[in-house]
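Residue numbers (this note's numbering), protein chains in the order written: chain A, 87 to 440; chain B, -7 to 471.
Every residue, glycine too, gets a C-beta built ideally from N, C-alpha and C.
Given the structure is predicted, the values throughout are model-derived calculations rather than measurements.
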């Protein structure tokens, strides 16, 4: 696919989603009410992705303050939905409803994985936040889709964030050790070839056992930003250059943006992520004037637009910043590189806690 | 020489990180060094392997390591040593210039600190003997032996001595140098502006024949420091009272905190106070007042005003000068904001009616000065009416002291903790009381400036007792 073809595909997707989410038959109460209040019809005015800036930024508070039923498209009315949570260290968490999106996202991701490092039929272990998170079902679906089963070890990031907020770092280490003990037992005693976990937990497992010596060939990682040096450390020292490290960028609202793991060493371990276009789009924007897209090679704030039949979310400003990167032969659209917390250079952010 | 790249040292092996930070020459945009930064998890991983580093040191006897340390001292002072990763060499003069460029220290102070460090290397056998109370070195080689006719055995408490170093005083490296002769590898986290001294000491040790595996240097961020503090077997760090409090119950951690060092004149000697002005001036201003052993409070039974004026007159001669001026004794601040914050704290204290800045009558200009792109604080003597004044027992990173009058009989209950206390007196009863006081770590009796210490006695803890623990043992007759 060329960049032009990718753009045409995305524009077509935008038109399709406008028609879906702003029609009485298929749209959800939230967006149909929004259209009435806004006084303009996106079906008429949003004909391409460039027009998406006509929407205001999606506020994730709406996912907490609005009832979940208001985000159920009329086309899905009567079908029970999954509820996936994000954030929520204190108070009511933000919630997203869904049906099949996570399966689509992770099946699409599965096609990007190497069969050499993520062997078909191999079992997985997921070490990280499970509970009400989309990841819990998604990773298991990924394992099943590739013909394997999935073991789980839970970690509650909300509790970890509270401990860090209280500066109880000793407790954080003890809790992490508790999680690690469970993970190590399973890895030692079950046949597992693939792992999903967060960078910090991966390093923590690697402190206790040789991950590759225990049969793990591939590691799919996500959850927090990583500096190039940290990526290098994970690949070269934690995985001993024997298992493949596959960093991803994603969340409950987007799905998975993928990287190109085989090119990491030649890029000095600077990770570039490509959104699962056209289902979701990442744009690097000027934080002060968000309608402006930054130039290639420049840092800006990450803006996410999700365009699935189940969920429409225009121009959500992530709490991250990244470098806008050129399209790649494998992914013919913009990438986002060296993601880090927004304002990382000017303020302290509790991030990468697990 | 262009700005060298200071790599991480992992058991002596250079590691060039992808996380590189540039330290500029103070007051300019010119780079002085590029520094590889280690991530916290790398340090955690490496800590698991420190047993190997200790094994490398154990192949040498303590006697051999003492000889190596002595040779390293000569090399540190005189030789050209590797710097960075490109094969460049650093002469002693290059070292002075590099450290001056990033720390703000005058060249004369750096040279003084170099000589002081050289002295530590050179006196290593005295230090070893002093800290172990005359232990035969072979006891550490063999694991057991005799001392004073009694059986003794010592086992190490750790595979590494970790030190979180500050940026403001190269002489603090003296604290870890003896660990090598005690067969304990070091893990050093340098201050951001001061990788130079630990790097040069390490290179000197290696050139003298010490196994490189004994040296680990990790420039790192706060999370890396946190990992070191939480994970290393023994840790030395530098901090304020809150840091001391935070770790007071953790036997792994020795915090070198605020010194609150004092110069006290007894009632029997106060009429001779003029004879002690030189000592008081040196105690307050040595090493630009940056050491914890510098006097921050002077306590006298009377003549407080006269003494304050006499010392102020002398201290006012210490002015911000060019760094390469041989007469320069005042250090600029590597972090220029520190000077502003400290000056504000002093000014806040002076809002009290019982505190007066005596030096302001003698010095040129304000306390806070800018010169050559650097911020300075000129020496300051505050006459306070009582210990209740907010500045009476404060310590700052520049030549600063308060002067308070207090009856000799009340001194011990009022002065609190003192890292060093000099008592100018011949009053035997009072001297005995001072020796009995647990809040005085080092006691100088007579006219000895507080900044003059000997390293063969404990300084904020006994390094040998920190790194080794005594065990009981017995051999069966058949063994």
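- Item | Cutoff 8 Å: residue 385 of chain A Cβ touching any chain B Cβ | no
- Query: If you run the structure through DSSP and keep just helix, strand and coil, what is residue 292 of chain B?
  - Reply: strand
- Query: Is it true that the CB of residue 280 of chain B sits closer than 8 Å to the CB of residue 443 of chain B?
  - Reply: no
- Item | Residue-level contact to chain B via CB, residue 289 of chain A, 8 Å cutoff | yes
- Message: Just to confirm before moving on: does the CB-CB distance between residue 216 of chain A and residue 337 of chain A stay below 8 Å?
- Response: no
- Would you call the stretch 144 to 158 of chain B and the stretch 88 to 102 of chain B touching, i.e. three or more CB-CB distances under 8 Å? no
- In three-state terms, what does DSSP make of residue 435 of chain A? In this prediction, residue 435 of chain A scores a pLDDT of 41, lower than 50, which makes its location untrustworthy; no coordinate-derived value is stated.
- Quick one: which chain B residues come within Cβ less than 8 Å of residue 255 of chain A? 218 and 222
- Three-pair Cβ contact test at 8 Å for the stretch 400 to 417 of chain B versus the stretch 250 to 262 of chain B: yes
- Query: Whose C-beta lies closer than 7 Å to the C-beta of residue 288 of chain A among residues of the same chain, with five residues either side of it excluded?
  - Reply: 305, 307, 320 and 324
- Message: At the level of alpha carbons, what is the spacing between residue 1 of chain B and residue 218 of chain B?
- Response: 18 Å
- C-alpha gap between residue 144 of chain A and residue 403 of chain A, whole angstroms: 8 Å
- Starting from the Cα of residue 62 of chain B, find the closest Cα among B:172, B:133 and B:358 and give me that residue. B:172
- Message: Against chain A, which members of the stretch 5 to 16 of chain B pass a CB distance test of less than 8 Å?
- Response: 9, 10 and 11
- Message: One question on the structure: do residue 257 of chain B and residue 268 of chain B come within less than 8 Å of each other, judged by their Cβ atoms?
- Response: yes
- Among all the DSSP beta bridges, which residues are the ones paired with residue 410 of chain B? B:432
- Query: So which residues on chain D does residue 331 of chain A lean against when the C-beta distance must stay under 7 Å?
  - Reply: Absence of chain D from the displayed structure is noted, the protein chains being A and B.
- Query: Which residues, in chain order, does the stretch 356 to 386 of chain A contribute to contact with chain B at a C-beta distance below 7 Å?
  - Reply: none
- Item | Interface flag, residue 243 of chain A vs chain B, CB-CB below 8 Å | no
- Among A:108, A:369 and A:170, which one has its Cα closest to the Cα of residue 123 of chain A? A:108
- Message: Spatial neighbours of residue 273 of chain B within its chain, please: C-beta separation below 7 Å, excluding the five flanking residues on both sides.
- Response: 303, 306 and 307
- Message: I believe residue 101 of chain A touches residue 133 of chain A by the beta-carbon criterion, under 8 Å. Please report the beta-carbon distance rounded to the nearest angstrom.
- Response: 6 Å
- Message: Using only the alpha-carbon positions, how far apart do residue 435 of chain A and residue 106 of chain B sit?
- Response: Low confidence applies here, because residue 435 of chain A scores a pLDDT of 41, under 50, leaving its location unreliable; read the following figure in that light. The straight-line gap from Cα to Cα measures roughly 40 Å.
- Residue from B:221, B:263, B:261 and B:370 with nearest C-alpha to residue 246 of chain B: B:221
- Query: Are the stretch 373 to 383 of chain A and the stretch 226 to 237 of chain A touching, with three or more C-beta to C-beta distances below 8 Å?
  - Reply: no
- Pair within 8 Å by beta-carbon distance, residue 122 of chain B and residue 424 of chain B: no
- Using 8 Å as the limit for Cβ to Cβ distance, is residue 398 of chain A near chain B? no
- Item | Where the alpha helix (DSSP H) through residue 275 of chain B begins and ends | 269 to 277
- For residue 262 of chain A and residue 439 of chain A, the rounded distance between their alpha carbons: For residue 439 of chain A, the predicted structure reports a pLDDT of 41, less than 50, and the residue's modelled location is therefore unreliable. The matter cannot be settled from this model.
- DSSP three-state call for residue 358 of chain A: helix, strand or coil? strand
- Where residue 419 of chain A falls: helix, strand or coil (DSSP): coil
- Message: Can you list, in chain order, the residues of its chain with a C-beta nearer than 7 Å to that of residue 323 of chain B? Leave out the 5 residues immediately preceding and following it.
- Response: 96, 97, 98, 101, 280 and 282
- Give, in chain order, every residue of the stretch 444 to 458 of chain B whose Cβ lies closer than 9 Å to some Cβ of chain A. none
- In its own chain, which residues sit with a C-beta less than 7 Å from the C-beta of residue 315 of chain B, not counting the 5 before and 5 after it? 92, 98 and 99
- Report all residues from its chain with a CB closer than 6 Å to the CB of residue 332 of chain A; omit the five preceding and five following residues, and keep chain order. 306 and 347
- Task: Kindly say whether residue 352 of chain A, judged by its beta-carbon, lies nearer than 8 Å to any beta-carbon of chain B.
- Result: no
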